[in-house]
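Position one of the sequence shown corresponds to residue 1 (this note's numbering), numbered consecutively onward. Heads up, the beta-carbon is just placed ideally off N, CA and C, and yes, glycines get one too.
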Amino acid sequence: MLNVTLELRCNVCGGERFLLPTLDETAQDIRCAGCSAFKCKSQDLERAMAAAGPRRGGRHPAL
Numbered sequence: 001m002l003n004v005t006l007e008l009r010c011n012v013c014g015g016e017r018f019l020l021p022t023l024d025e026t027a028q029d030i031r032c033a034g035c036s037a038f039k040c041k042s043q044d045l046e047r048a049m050a051a052a053g054p055r056r057g058g059r060h061p062a063l
């Protein structure tokens, strides 16, 4: 799991840090790093980020 800061908030504790699964992990849940609450599936996050498109300057901030 990767522990990253995202421009999202946990609905339970308000945290901004999330655990993202790596490619070799079978569980594909995005969870809050603070309270482990389920946020979304990794495919849903990827789809939302792709739909949002690039930020100004043509780059997304590093995770």
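Rounded to whole angstroms, the gap between the alpha carbons of ALA33 and LYS41 is 15 Å. For ARG47, the uninterrupted alpha helix (DSSP H) segment begins and ends at 42 to 52.
Distance from the Cα of ALA48 is smallest, within the candidate group GLU7, GLY14 and GLY15, for GLU7.
When the Cα atoms are used, ILE30 and ALA52 turn out to be separated by approximately 18 Å. Taking the C-beta atoms as reference points, LEU23 is found no nearer than 8 Å to ASN3.
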